[in-house]
Structure formats: structure tokens, C-alpha cells
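Q: Protein sequences appear in the order of chains P and B. The working numbering numbers the first residue of the first sequence as 1 and each following residue consecutively. The working numbering numbers the first residue of the second sequence as 1001 and each following residue consecutively.
2 protein chains.
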Amino acid sequence: MKELKYSRQREAIKEFLATRTDHPTADIVYMNVRKEYPNISLGTVYRNLTLLADQGEISRIRVGDGTDRFDPTTKEHFHFVCKNCGSVIDLDVDGMDDMAQQVSRNFSGSIDGHVTYFFGSCKNCIDMEALQKCNS
Amino acid sequence: MKELKYSRQREAIKEFLATRTDHPTADIVYMNVRKEYPNISLGTVYRNLTLLADQGEISRIRVGDGTDRFDPTTKEHFHFVCKNCGSVIDLDVDGMDDMAQQVSRNFSGSIDGHVTYFFGSCKNCIDMEALQKCNS
DNA sequence: AATCATACTAGTAATGATTACTAATTTCGA
DNA sequence: TCGAAATTAGTAATCATTACTAGTATGATT
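Okay, structure coming up:
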């Protein structure tokens, strides 16, 4: 792996991400880091997020809505995606670690891991809908 | 839901997809249906694939590589994605239906379902790699 | 069979997330 | 301090997908 040199921008990106639990997109990271570094470019944000993910310092989340999100932790856990507002929420599930093993038994390739996320309506959106019905 | 009218193009798309088990992309569908309808446009292919998926006649697969794939069956099953060649293969797994229930217990929103796919190296790529080592 | 509203098509332009390129700047070991 | 190599800002390019638009096909009603 190529040698990494320090950069203030990369540090700022990492520090910002560490303050968030809502899995921001590259664009949101960009808008926020710009408060400290007004000249930072979106390309720099993308490159560093990708770099950090490759180093295993953060993780990239793909939930198939066309926009990647980033998570300051690499500890394995699952996500919930609200199909209304698009928000991504951490889940705490256990007993799903042996899935890969289970699948391996009748599969001739080699399985490295799996991607799983749940979808539905988050509490906020459910409450909102109830409120609107109430007012009509 | 809006009323659907018959179209030869849509029928051809559906029929082509039915012959495939390798989850082709929209572009591959396009290239093949073009043999029968040389003037069909890529937009038409996309629109009809989306339409058919909305109707529940086919399903759209998102494995986060930036390109959607399509599956002629809507029966729930899991997929394996080869991280080398990108091929998508059907899996036969059971005992994973109660996952959503399990997660629901300590989650305040409502869960409709989940997306799961496995990744690793397919048999072809493993064999290929072994062969190259052998020849060097 | 002719009419007509409406869905559908081909072709093309637009969108939006991400990556690639390039000249100038920063980092850091020698 | 010097210099090789990584990094950056700014911009252009890419690529999958969607949107638009004028013309065509479908199918129910006469």
C-alpha cells in the first residue's frame, strides 16, 4: 500500500465524520468541512473518504439509493434505511454472524462476507403521517 | 396504478429476460433486444424494466457496483456477487426469514424487509487464479 | 372500419454522483 | 534547506439513469 502523508484536509474530514452518527454523504461532509477550509474541493473530500475507507479507518455504506454514505466506525453492524426520508439508522442485531458459513456449505466459490440492510419507515415518518391524518 | 397498454418492445424485453439466469444489466438487455427491434432505444428499455419491476413481474437487483441488474423471477432468494468479475449468482439459503422479526423487537420504526447479498470470489475466478499461478 | 383519448416509442438532452486530470502546493526524510 | 513524492483546488470527463418531446401504436367506443 502506498505511503500516506499527513494532510490537514484529511484530518478535518475524519474529525468531522467522527462527530456524526447519521452517516452523512460526501456532499454533506464537503459542506461542513468547508466551514473550516473554504477552499477545499469536493474531489478532495471524495478522494480522502475513499482513502480512509481503504485504510479501514471509516466505512462506506451503499444502500442502493445512488448516493454513498460514510460511517466513522468500522465495527460490523447493520443499518436501517427509511424509504420515506432516506435516513440511515444504526441497528443492534446479533445471531447473524454464521450466515456466511451457512451459505458456504452448498456453494462452490469462496464467500468473504455479506451486505445486509433493512428498510421500512422510521419513527419520525410514521409520527409525521399520523399527525397529517389527524389534521385533515 | 396507471392503466397499462400492450407494447411489443415491453414483451420482447420480458421474454429476453426470461431466458437468462445471469441477471443482466439494462445495457445487456438493450443490446440483445436490439437484434429483434433494431430501433429500440435504451430509454425504452429502462422505462419498461422499471415498469415491470413496479408491477412485480421482474425484480431489480442493486449490489452497489453502480449498475442495476434485473432478474426474471420475483421469488425471494439471495445473490452472490463476485468481487473479481462482477458476476451475480443465485443462492439457495433458508432459515433467514425471521431476521426482520428479530430486528423489530428493539426498533421503534416499522420494518418492511431487508436487502442481503454475499460477496467473494466465484469458482471461475478461483480456478483462473490457480491456473495463472501454475503457468508462471 | 373510423374516431379518439391515452399510453408508448425513438431520439436526444439533462441530471447527478463520482472519478480523472493537471499544474501548483505541502509534507517530510535526507 | 532540498527534493522526491504525496496532496490539493479546480475543472473536465464519465457513466448510469431519468426527463423531455414530437410522433406512433393501442384499444375501447362508436
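By construction, the Cβ of each residue, glycine as well, lies at the ideal position given by its N, Cα and C atoms.
1. Going by beta-carbon coordinates alone, are B/G1113 and B/A1100 separated by less than 8 Å?
2. Below 7 Å CB to CB, which residues in the same chain sit around P/I13 once its five sequence neighbours on both sides are set aside?
3. Check each residue of the segment 105-134 of chain P: if its Cβ is closer than 9 Å to any Cβ of chain B, include it; give the result in chain order.
4. By DSSP, does P/G43 sit in helix, in strand, or in coil?
5. If you draw a straight line from the C-alpha of P/S59 to the C-alpha of B/H1023, how long is it?
6. Per DSSP, P/T116 forms a beta bridge with which residues?
7. Just to confirm before moving on: does the CB-CB distance between P/L4 and P/P72 stay below 8 Å?
8. Can you list, in chain order, the residues of its chain with a C-beta nearer than 7 Å to that of B/V1103? Leave out the 5 residues immediately preceding and following it.
9. Quick one: list the residues of chain P neighbouring B/A1100, beta-carbon separation under 7 Å, in chain order.
10. Between the segment 76-88 of chain P and the segment 1074-1090 of chain B, do at least 3 Cβ pairs fall closer than 8 Å?
11. Does DSSP put P/R105 in a helix, in a strand, or in coil?
12. Pull up the distance between the alpha-carbon of P/D92 and that of B/N1106, whole angstroms please.
13. For a contact defined as C-beta to C-beta under 8 Å, what are the partners of P/D92 on chain B?
14. Measure the beta-carbon distance from B/I1126 to P/G109 and round it to whole angstroms, keeping in mind my assumption that it falls under 8 Å.
15. Which of the three DSSP states is assigned to B/R1062 in this structure?
16. Quick one: what does DSSP say P/R20 is sitting in, helix, strand or coil?
17. Between the C-alpha atoms of B/K1133 and B/K1123, what's the straight-line distance to the nearest angstrom?
18. Using 10 angstroms around the beta-carbon of B/S1121, count the other beta-carbons present and answer buried if the total reaches 16, otherwise exposed.
19. Going along chain B, which residues have a C-beta under 7 Å from P/E33?
20. Does DSSP put B/T1025 in a helix, a strand or coil?
21. If you draw a straight line from the alpha carbon of P/C85 to that of P/T25, how long is it in whole angstroms?
22. Do you know offhand how far P/R20's Cα is from B/M1128's?
23. What is the DSSP secondary structure of B/H1034, reduced to helix, strand or coil?
24. Between which residues of its own chain and P/A53 is the CB-CB distance below 8 Å, once the five residues before and five after are set aside?
25. Do P/V115 and B/Y1043 come within 8 Å of each other at the CB atom, strictly closer than that value?
A: Taking the coordinates as given:
1. Yes. Within cutoff.
2. Cβ neighbours of P/I13 beyond the five flanking positions: V29, V33, V45, N48, L49.
3. The segment 105-134 of chain P vs chain B, Cβ under 9 Å: N106, F107, S108, G109, S110, I111, D112, G113, H114, V115, T116, Y117, F118, F119, G120, S121, C122, K123, N124, C125, I126.
4. Helix, per DSSP.
5. In a straight line, the C-alpha of P/S59 is about 27 Å away from that of B/H1023.
6. Its beta-bridge partners are B/T1116.
7. No, Cβ-Cβ distance for P/L4 and P/P72 is not below 8 Å.
8. If we look at B/V1103 and ignore the five residues flanking it on each side, its Cβ neighbours are I1111.
9. Neighbours of B/A1100 in chain P, taken as residues at a C-beta separation under 7 Å, are given in chain order as F118.
10. Output reads no: the segment 1074-1090 of chain B does not touch the segment 76-88 of chain P.
11. Here P/R105 sits in coil by DSSP.
12. Rounded to the nearest angstrom, the two C-alpha atoms are 8 Å apart.
13. Residues of chain B whose Cβ lies closer than 8 Å to the Cβ of P/D92 are, in chain order, N1106.
14. With a Cβ gap of about 6 Å, B/I1126 and P/G109 count as contacting.
15. Reduced to three states, the DSSP call for B/R1062 is coil.
16. The answer is coil: DSSP assigns P/R20 none of H, G, I, E or B.
17. Answer to the nearest angstrom: the Cα atoms are 16 Å apart.
18. With at least 16 other beta carbons inside 10 angstroms of its own, B/S1121 counts as buried.
19. According to the sequence as given, residue 33 of chain P is Val; it is not Glu. Within 7 Å Cβ-Cβ: nothing; P/V33 doesn't reach chain B, min ~25 Å.
20. Three-state DSSP puts B/T1025 in a strand.
21. Whole-angstrom Cα-Cα distance: 14 Å.
22. Looking at the two C-alpha atoms, the distance is approximately 43 Å.
23. This sequence places Arg at residue 1034 of chain B; His is not what is there. When secondary structure is reduced to three states using DSSP, B/R1034 falls in the coil class, being assigned neither helix nor strand.
24. Around P/A53, the same chain offers S59, R60, F70 as residues with beta carbons nearer than 8 Å, after the five sequence neighbours per side are excluded.
25. Reading the sequence as shown, one finds Gly at residue 1043 of chain B and not Tyr. Contact annotation: B/G1043 and P/V115 have beta-carbon atoms that are not nearer than 8 Å.
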